[in-house]
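Residue numbers (the working numbering), protein chains in the order written: chain Z, 60 to 382; chain U, 60 to 382.
Data block below; observations after.
2 protein chains.
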Amino acid sequence: MKPYVLGIDIGGTNTVFGIVDARGNVIASSSIKTQRHNDFYLYLDELYAAASKLIEANEATDKIQGIGIGAPNANYYTGRIENAVNLPWPSINLAELVSEKFGIPVAITNDANAAALGEMTYGAARGMKDFIMITLGTGVGSGIVINGQMVYGANGFAGELGHVIVKRNNGRLCGCGRTGCLETYCSATGVARTAREFLEARTEPSILRHLDIDAITSKDVYDAAVQGDKLAKDVFEYTGNILGEAMADMVSFSAPEAFILFGGLSKSGDLLLKPVCEALERNMLPCFKGLAKVILSELKEADAAVLGASALGWEAKRISESI
Amino acid sequence: MKPYVLGIDIGGTNTVFGIVDARGNVIASSSIKTQRHNDFYLYLDELYAAASKLIEANEATDKIQGIGIGAPNANYYTGRIENAVNLPWPSINLAELVSEKFGIPVAITNDANAAALGEMTYGAARGMKDFIMITLGTGVGSGIVINGQMVYGANGFAGELGHVIVKRNNGRLCGCGRTGCLETYCSATGVARTAREFLEARTEPSILRHLDIDAITSKDVYDAAVQGDKLAKDVFEYTGNILGEAMADMVSFSAPEAFILFGGLSKSGDLLLKPVCEALERNMLPCFKGLAKVILSELKEADAAVLGASALGWEAKRISESI
Numbered sequence: 060m061k062p063y064v065l066g067i068d069i070g071g072t073n074t075v076f077g078i079v080d081a082r083g084n085v086i087a088s089s090s091i092k093t094q095r096h097n098d099f100y101l102y103l104d105e106l107y108a109a110a111s112k113l114i115e116a117n118e119a120t121d122k123i124q125g126i127g128i129g130a131p132n133a134n135y136y137t138g139r140i141e142n143a144v145n146l147p148w149p150s151i152n153l154a155e156l157v158s159e160k161f162g163i164p165v166a167i168t169n170d171a172n173a174a175a176l177g178e179m180t181y182g183a184a185r186g187m188k189d190f191i192m193i194t195l196g197t198g199v200g201s202g203i204v205i206n207g208q209m210v211y212g213a214n215g216f217a218g219e220l221g222h223v224i225v226k227r228n229n230g231r232l233c234g235c236g237r238t239g240c241l242e243t244y245c246s247a248t249g250v251a252r253t254a255r256e257f258l259e260a261r262t263e264p265s266i267l268r269h270l271d272i273d274a275i276t277s278k279d280v281y282d283a284a285v286q287g288d289k290l291a292k293d294v295f296e297y298t299g300n301i302l303g304e305a306m307a308d309m310v311s312f313s314a315p316e317a318f319i320l321f322g323g324l325s326k327s328g329d330l331l332l333k334p335v336c337e338a339l340e341r342n343m344l345p346c347f348k349g350l351a352k353v354i355l356s357e358l359k360e361a362d363a364a365v366l367g368a369s370a371l372g373w374e375a376k377r378i379s380e381s382i
Numbered sequence: 060m061k062p063y064v065l066g067i068d069i070g071g072t073n074t075v076f077g078i079v080d081a082r083g084n085v086i087a088s089s090s091i092k093t094q095r096h097n098d099f100y101l102y103l104d105e106l107y108a109a110a111s112k113l114i115e116a117n118e119a120t121d122k123i124q125g126i127g128i129g130a131p132n133a134n135y136y137t138g139r140i141e142n143a144v145n146l147p148w149p150s151i152n153l154a155e156l157v158s159e160k161f162g163i164p165v166a167i168t169n170d171a172n173a174a175a176l177g178e179m180t181y182g183a184a185r186g187m188k189d190f191i192m193i194t195l196g197t198g199v200g201s202g203i204v205i206n207g208q209m210v211y212g213a214n215g216f217a218g219e220l221g222h223v224i225v226k227r228n229n230g231r232l233c234g235c236g237r238t239g240c241l242e243t244y245c246s247a248t249g250v251a252r253t254a255r256e257f258l259e260a261r262t263e264p265s266i267l268r269h270l271d272i273d274a275i276t277s278k279d280v281y282d283a284a285v286q287g288d289k290l291a292k293d294v295f296e297y298t299g300n301i302l303g304e305a306m307a308d309m310v311s312f313s314a315p316e317a318f319i320l321f322g323g324l325s326k327s328g329d330l331l332l333k334p335v336c337e338a339l340e341r342n343m344l345p346c347f348k349g350l351a352k353v354i355l356s357e358l359k360e361a362d363a364a365v366l367g368a369s370a371l372g373w374e375a376k377r378i379s380e381s382i
């Protein structure tokens, strides 16, 4: 067993990568721009050069056990990125091409699954066999672990809990083309959307009325709520209630011992957590009462993406050994 | 490896048991009344006597690999039945007591999980690693298989998909004490309830108006629909649509390759299956389109409960070997 893995997080803007040890310490990290090259091979050349430099500078040559990559629409089974709208190369066999270039086993998965793996390997879910990671960012992502294993499903795309339907009628239009998805209510953009709706539907005064309504962000709503703004607090109450209700249904599915929340919105403290926990307890089947804890990610946000991806690197080695 | 397992299905009225071989043939079966004894030990004596007689008559003494039991509220992890309202002994350590009596390893689970195991071991799900069994009977039960393993969750009660919420507002009151559960719409009783609602809310003629409205059953609705009754057909359309919508959300969770439907209502043919499949395809996330097939159980209904329970018997042996 070599001492390090390389974690690579491919985002729409930046590709961040880092050398990580078995305890989850990021030894060193760096990044390149994802969008500089429309040709994937030029991107790969640049990534290889930058990562090799980092590896050499940290005396980690021949000490990398595997490479784990988190990327949008990445498929664990096929190693492919498929129809990723935010990347210049929407469909490629990422795992194979990176593995050939580096001469190291590669495993890939999507960002939310990587986050769950990171939490299980180095974070709040160490030792847990059944938990659900929910990432509350621009969208809502999820990574599900059952019996100690990531759930990839029959086609590799399982765990899209941001797209369970929470409003069957007159639900909000989602980026996926459907309406009423959890993501349209409980993401950062969902919170801003709720604030705009409340401001239009209600007449009471609110700090938020001093802002350009179309430019309101979840951060604005948070700041107003912290200052005691009733309408802003109601937005969090509404958001948390929907999320807690949806989580109660997830409990009926897999009876997890915990939900781990991650991402910008999860840092809203009790403003969000209190209504989430209340709605969860209120809506769970009696046989699950008290079962599923709601806890926050233990990974530093700056490192989380690389750590999550790196966790898969240990597995990449196991996969290649098993072949 | 011994050639047989004993499957025991404990229902509220009858306890059915059978000797089953590795190919899913029920060699012989018999039953006793579940409710005759309020004292569990007297029930167990009777069960042991009847099962021993069956085993001896079929020259299966010392040829039973394990005993699998399907029972309401049975917990795979603890071996206990917990708070089973339909049994005279609501909370007991069933697995331990039966195992001591028979001198054979015992594993237990609830009826719907047993059905899923039966389907995976002998039926329509042979070779499948990711599927969801949905039992459409008086209630709606489910058994979930992911990565080739039953999903029991952190407390042993996972897979209660009959109790995901399909109507957040003004949903029907469910036996679980909550409102809007899938079970209140898509069970046999749910179908009858929908028929009554439609008959009251609508004015058109219907064969069902000739019946005592309070006594209408799902079978009455089926018979009317088969005769072309518009209102009765609409009831199935409504039921199938709700079920298909709920199933689309389940796909977002675990991306199964198939749903296997079982139970009385599943035999309604295209009356139910067509709207289920249409709603499922219409509501699935784009990345899952075409993934999850909807198929019917391949187990004979008369044998299914015993077969399902028996499938766990093979596993009981594995558990005891692993200790």
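All C-beta atoms in this analysis are idealised placements derived from N, C-alpha and C, irrespective of residue type, glycine included.
Predicted model only: the values in this text are computed from it and were never measured.
8 angstroms Cβ cutoff, residue i in contact with chain U
i             : result
residue 302/Z : no
residue 212/Z : yes
residue 205/Z : yes
residue 236/Z : yes
residue 223/Z : yes
residue 149/Z : no
residue 312/Z : yes
residue 350/Z : yes
residue 220/Z : yes
Limits of the beta strand (DSSP E) - the one that residue i falls within
i             : result
residue 2/U   : There is simply no residue 2/U to check, as chain U begins at 60 and stops at 382 in what is shown.
residue 156/U : Here residue 156/U belongs to no beta strand (DSSP E); instead the alpha helix (DSSP H) covers 153–161.
residue 88/Z  : 85–92
residue 73/U  : 73–80
residue 354/U : 352–355
residue 320/U : 317–321
Coarse secondary structure for residue i, derived from DSSP in three states
i             : result
residue 68/Z  : strand
residue 256/Z : helix
residue 247/U : helix
residue 382/Z : Summary for residue 382/Z: the model assigns pLDDT 43, below 50, so the residue's position carries little reliability; its value from the coordinates is reported in the next sentence. Three-state DSSP puts residue 382/Z in coil, outside helix and strand.
residue 279/U : helix
residue 347/Z : helix
residue 179/U : helix
residue 144/Z : coil
residue 122/Z : coil
residue 130/Z : coil
For residue i, the first and last residue of its enclosing alpha helix (DSSP H)
i             : result
residue 112/Z : 99–116
residue 329/U : 329–342
Chain Z within 8 angstroms of residue i, Cβ atoms only
i             : result
residue 245/U : no
residue 189/U : yes
residue 284/U : no
residue 308/U : yes
residue 378/U : Reliability fails at residue 378/U, whose pLDDT of 49 lies under 50, so the model's placement of it is uncertain and the value that follows must be treated cautiously. So, not an interface residue.
residue 217/U : yes
residue 454/U : In the structure as shown, chain U starts at 60 and stops at 382, and residue 454/U therefore has no counterpart that could be examined.
residue 166/U : no
residue 316/U : yes
residue 146/U : no
residue 208/U : yes
Integer-rounded CB distance, given that residue j should sit under 8 angstroms from residue i
i             : j             : result
residue 129/U : residue 163/U : So it is not a contact: roughly 16 angstroms between Cβ atoms.
residue 365/U : residue 75/U  : 6 angstroms
residue 171/Z : residue 194/Z : 5 angstroms
residue 302/U : residue 245/U : 5 angstroms
residue 192/Z : residue 201/Z : 6 angstroms
residue 250/U : residue 294/U : 6 angstroms
residue 369/Z : residue 64/Z  : 5 angstroms
Please give me, in chain order, every unbroken run of the beta strand (DSSP E) with length at least 3 that falls completely inside the segment 161–241 of chain U. 165–168, 190–195, 199–205
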